[in-house]
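**Q** A single structure is presented below for examination.
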Amino acid sequence: MHSTKTSNTYSLRVRKPIAFDRDYSPDPPGQPVRKKAKVQGNNVTPKRGPRKYGGVNQQQQNQVGGEAVPKFAVPAVQDPYFLTLKTGRNPTSLAEKWIHDYEESPDQAIVQMLQLIVASCGCSGKLDANMIHNMQWKDIIERISEYFDEDSGDYPLILTTHQFRRFRNNFAEFLQSFVIRSKNNILFDVTLMDSLIQLLTLLSDNPIRAFRHTATFASMKLSSSIVDVVVELVDLKDKNVIQIETEKARLLHAGTNERLERLLQAKTELDQKIDELSAMLQYIFKCVFVHRYRDHVADFRIICVSELGIWIRIYPALFLDDSYLKYIGWSLFDKVPEVRQKCISALLPLYENNKLIRRLELFTHKFKDRLVSMVMDTDVEVATKTCQLMAHIYRAFPVLLDPGACVPLYELVYCNNRQLAAAAGEFVNAKLFSTSTDDKNVIQIETEKARLLHAGTNERLERLLQAKTELDQKIDELSAMLQYIFKCVFVHRYRDHVADFRIICVSELGIWIRIYPALFLDDSYLKYIGWSLFDKVPEVRQKCISALLPLYENNKLIRRLELFTHKFKDRLVSMVMDTDVEVATKTCQLMAHIYRAFPVLLDPGACVPLYELVYCNNRQLAAAAGEFVNAKLFSTSTDASMMSSSTSILAPPVDNRQLIKDLVAFFIDGDVHRHPAYLVDSLIDICPMLKDWPTMVDILLSEE
1 MHSTKTSNTY SLRVRKPIAF DRDYSPDPPG QPVRKKAKVQ GNNVTPKRGP RKYGGVNQQQ
61 QNQVGGEAVP KFAVPAVQDP YFLTLKTGRN PTSLAEKWIH DYEESPDQAI VQMLQLIVAS
121 CGCSGKLDAN MIHNMQWKDI IERISEYFDE DSGDYPLILT THQFRRFRNN FAEFLQSFVI
181 RSKNNILFDV TLMDSLIQLL TLLSDNPIRA FRHTATFASM KLSSSIVDVV VELVDLKDKN
241 VIQIETEKAR LLHAGTNERL ERLLQAKTEL DQKIDELSAM LQYIFKCVFV HRYRDHVADF
301 RIICVSELGI WIRIYPALFL DDSYLKYIGW SLFDKVPEVR QKCISALLPL YENNKLIRRL
361 ELFTHKFKDR LVSMVMDTDV EVATKTCQLM AHIYRAFPVL LDPGACVPLY ELVYCNNRQL
421 AAAAGEFVNA KLFSTSTDDK NVIQIETEKA RLLHAGTNER LERLLQAKTE LDQKIDELSA
481 MLQYIFKCVF VHRYRDHVAD FRIICVSELG IWIRIYPALF LDDSYLKYIG WSLFDKVPEV
541 RQKCISALLP LYENNKLIRR LELFTHKFKD RLVSMVMDTD VEVATKTCQL MAHIYRAFPV
601 LLDPGACVPL YELVYCNNRQ LAAAAGEFVN AKLFSTSTDA SMMSSSTSIL APPVDNRQLI
661 KDLVAFFIDG DVHRHPAYLV DSLIDICPML KDWPTMVDIL LSEE
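See the structure below:
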């Protein structure tokens with residue numbers, strides 16, 4: 001993958017040392033400190049009063065005709081781009097308009113872009129081309145600062161009034177649209193990007209919160225959009241490399257090639273663009289992110305961590321490195337729950353991606369203890385997401401967590417918060433049902449043994465054998481826990497006089513059998529579901545059938561259900577006539593699966609209730625009974641249709657002809673109902689032969 005070099009591509013027009021951030025603290029991130037008063041000699045500089053403009057006190061200016069006006073500075077000359085974003089119009093159209101303006105007058109368009117940044121801070125200062133070309137940026141910012149009311153706590157980015165509620169999203173969308181639509185040429189204009197990045201960098205380090213906040217927000221959103229462009233360019237470069245190799249192979253027989261020269265030139269241009277944009281990203285990261293991710297204002301930290309998570313996920317080739325990941329790790333200690341939540345949200349998609357997991361090993365070891373402690377976070381959402389993250393970490397690094405680290409997660413499955421308990425249950429499930437891990441371990445051991453036939457002793461084999469022993473111990477220990485709970489709780493409560501107790505027990509036992517059949521798919525456990533089929537409460541019976549259905553649908557498990565099926569066959573047959581329609585419907589579906597698995601098990605008398613139900617006026621129940629009738633009546637249809645795939649439609653297969661006659665005979669001989677539409681309706685969706693119109697026409701026209 002491409003490696004980025006900052007020094008040889010991107011250089012700012014005036015790159016001066018970053019001013020010392022007044023918010024900076026050597027304390028750990030997330031522990032902001034109070035600003036200290038500025039000291040001159042032995043005296044503390046008093047807080048200055050409101051600025052005066054032309055001899056008029058600013059507080060006096062805030063009163064017009066005796067009425068108060070908004071505290072934050074409203075630009076004397078309203079910026080048209082700012083007004084458009086404030087009123088909620090289409091930011092994409094605004095970006096296209098700016099590009100059109102740039103093509104006509106680049107200097108004026110650059111001034112307009114920078115003026116939008118200033119106006120978005122709530123500052124009434126006005127920029128012009130002369131200032132940008134002839135003044136240092138530090139001096140420009142000092143000048144526009146004089147047009148800002150520092151005593152005001154409000155500015156566009158944080159206002160929630162009707163006219164500003166859409167501004168934040170519109171501003172971000174405008175920056176994104178600007179980058180996407182400028183990616184071919186304008187984005188690489190040194191004058192534009194140099195000026196924009198200089199302005200944002202210095203504003204983000206300004207003691208005025210509105211400047212810092214707006215510049216940080218704009219810098220992070222701008223960087224996220226640039227990351228998207230870089231990823232797109234890297235993909236193009238990869239395709240370009242493949243094309244170059246193809247052309248080189250062709251040149252072995254054809255001499256020089258103009259197309260190869262064009263491809264090589266395109267590769268050079270792509271490399272230059274990737275280098276330049278990557279350098280921009282790294283410069284913004286060092287000059288904005290590194291200072292603002294620990295700002296005393298929580299929203300700054302939230303913005304930084306959220307956007308960094310996006311960069312790492314979208315462009316892991318550059319950002320999935322401990323030099324960037326450490327900032328997320330440090331932010332896990334933040335005192336504000338939303339910052340911690342954003343950190344976990346940034347990490348989750350990384351641990352879910354198997355291609356990235358090995359590059360997270362060092363980070364995981366370094367911040368493991370903090371992550372373990374966060375499952376008990378005071379904020380429920382943070383704790384829930386951390387439990388989900390710990391499940392992914394366990395799957396990736398199963399030997400990383402010692403038994404003591406797992407105890408808090410075990411306890412949380414009893415939490416009264418449903419989401420948190422389920423998240424902890426996900427971890428327990430991953431740790432409890434680790435047979436797949438054990439199988440992989442056995443395969444690894446056998447592989448190493450085969451290698452040792454030619455290579456003597458092997459430390460890796462010893463480690464694998466030790467890991468197998470540990471896995472066996474864990475499985476045995478957890479299985480013993482389950483069996484103890486089953487004997488001491490389930491066996492007593494599955495027949496409790498309170499129906500809800502019985503429902504819980506049967507439902508969970510069904511889940512255990514389905515998920516871990518190696519232990520629970522045994523008649524010593526199945527019999528409890530069989531006995532519960534006789535329960536007087538319909539919902540208990542329905543839960544029993546729901547537990548059995550996925551077992552009979554699994555061909556790998558079907559033979560282990562034979563004894564259970566013989567034992568409870570009569571009860572299941574009687575339940576197709578259950579007073580509860582849902583129970584009867586599910587039982588009919590189950591009987592169809594049982595017939596497919598054990599076709600000689602059901603005698604003709606056991607099938608009569610199912611035959612009668614195809615005429616039921618309940619659509620779902622009739623369709624379920626029809627599924628059984630279809631399985632029994634058309635059991636050879638699959639073979640017949642396969643054999644007749646090459647037969648002309650004018651000569652339909654004999655099987656279809658005979659089976660349709662059998663269906664008609666079934667209706668006539670049954671003498672149950674005189675509405676054939678009921679029978680057809682119950683079979684039409686599952687029996688394709690009912691739509692074999694040529695066969696039916698042939699039968700009707702035959703002399704028989």
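The sequence shown maps to residues 1 to 704 in full-length UniProt numbering.
Quick reminder that beta carbons are idealized off the backbone N, C-alpha and C, glycines included.
1. Please tell me whether R514 and P550 are closer than 7 angstroms, where the distance is taken between their beta carbons.
2. Here's a check: name, in chain order, each residue in its chain whose Cβ is nearer than 6 angstroms to the Cβ of D580, leaving out the five neighbours to either side.
3. Is it right to say K586 is buried, meaning 16 or more other beta carbons lie within 10 angstroms of its own, or is it exposed?
4. Does the region 321–337 come into contact with the region 225–238, if we say contact requires no fewer than three beta-carbon pairs (one atom in each stretch) closer than 8 angstroms?
5. Please report how far the alpha carbon of K543 lies from the alpha carbon of L389, in whole angstroms.
6. Compare the beta carbon distance of L202 and I132 with 7 angstroms and say whether it is the shorter of the two.
7. Nearest-angstrom Cα distance between G55 and Y147?
8. Work out the CA separation of I242 and V231 for me, nearest whole Å.
9. Quick one, which of E261, S331, I545, L465 has its alpha-carbon nearest R571's?
10. Just how far apart, CA to CA, sit Y81 and L348?
11. Rank K248, A423, R560 by C-alpha distance to the C-alpha of A391 and give the top, closest one.
12. Compare the C-alpha of S195 against each of A210, P106, G122, R165 and name the closest.
13. State the Cα-Cα distance for the pair D295 and R301, rounded to the nearest angstrom.
14. Among residues of its own chain, excluding the 5 on either side of V428, which ones have a beta-carbon nearer than 7 angstroms to its beta-carbon?
15. So is D205 buried or exposed if we call it buried at 16+ other beta carbons inside 10 Å?
16. What ranges does the alpha helix (DSSP H) occupy inside the region 289–357, keeping only unbroken runs of at least 4 residues that lie completely in it?
17. Rounding to the nearest angstrom, what Cα-Cα distance links D496 and R502 in this structure?
18. Answer with buried or exposed for G30, where buried requires no fewer than 16 other C-beta atoms within 10 angstroms of its C-beta.
19. If you drop the 5 nearest sequence neighbours on each side, which residues of the same chain put their C-beta closer than 8 angstroms to that of C387?
20. Determine the DSSP secondary structure at N630, reduced to helix, strand or coil.
21. With a Cβ-Cβ cutoff of 7 angstroms, do Y155 and G125 count as a contact?
22. Among the residues of its own chain, which have a CB less than 8 angstroms from the CB of Q108, if the five just before and after it don't count?
23. Can you give the Cα-Cα distance for A172 and H492, rounded to whole angstroms?
24. How about the region 256–276 and the region 209–219: do they share at least three Cβ pairs that are nearer than 8 angstroms?
25. Provide the residue span of the alpha helix (DSSP H) that contains E232, from first to last.
26. Thinking just about the alpha-carbon of each residue, which of R340, V382, V583, V399 is nearest to the one in P464?
27. Are the CB atoms of A95 and F174 within a distance shorter than 7 angstroms?
28. Give the DSSP-derived three-state secondary structure of K126 in the structure shown.
29. Is C616 helix, strand or coil by DSSP?
30. For a quick check, are the C-beta atoms of V573 and A606 less than 7 angstroms apart?
31. Going by beta-carbon coordinates alone, are L610 and A625 separated by less than 7 angstroms?
32. Quick check on DSSP: helix, strand or coil for F72?
33. What did DSSP end up calling K556 once you bin it into helix, strand or coil?
34. Does F486 come within less than 7 angstroms of chain C when only Cβ atoms are used?
35. Which residue from Q112, E582, L590, K536 puts its Cα closest to that of L561?
36. So for S105, helix, strand or coil by DSSP?
**A** Quick look at the numbers:
1. yes
2. Closer than 6 angstroms at the Cβ level, and outside the excluded window around D580, lie P538.
3. Taking all protein chains in view, the Cβ of K586 is crowded by 16 or more other Cβ atoms within 10 Å, so the residue is classified as buried.
4. no
5. 32 angstroms
6. no
7. Confidence at G55 is low in this model, with a pLDDT of 33, below 50, so the placement of that residue should be treated as unreliable; the coordinate-derived value is given next. C-alpha separation (whole angstroms): 14 angstroms.
8. Looking at the two C-alpha atoms, the distance is approximately 17 angstroms.
9. Restricting attention to E261, S331, I545, L465, the CA atom closest to the CA of R571 is found in I545.
10. 37 angstroms
11. A423
12. P106
13. 6 angstroms
14. L409, Y410, V413
15. buried
16. DSSP runs (the alpha helix (DSSP H)) wholly in the region 289–357: 298–314, 316–319, 322–331, 337–352.
17. 6 angstroms
18. With a pLDDT of 44 at G30, under the threshold of 50, the modelled position of this residue cannot be trusted, and the question is left open.
19. V375, L409, L412, L420, A423, A424, E426, F427
20. helix
21. no
22. D101, A129
23. 60 angstroms
24. Judged by Cβ distances under 8 angstroms, the region 256–276 makes no contact with the region 209–219, as fewer than three pairs qualify.
25. 209–251
26. Contrary to the premise, residue 464 reads as Leu rather than Pro in this sequence. For L464, the nearest C-alpha among the options comes from V399.
27. yes
28. coil
29. coil
30. yes
31. A contact, by the Cβ cut-off of 7 angstroms.
32. Confidence in F72 is poor, its pLDDT being 41 and thus under 50, which makes the residue's placement unreliable; the coordinate value appears in the next sentence. Reduced to three states, the DSSP call for F72 is coil.
33. Coil, per DSSP.
34. Considering every chain present, this structure includes no chain C. It has just one protein chain.
35. Comparing Cα positions, the closest option is L590.
36. coil
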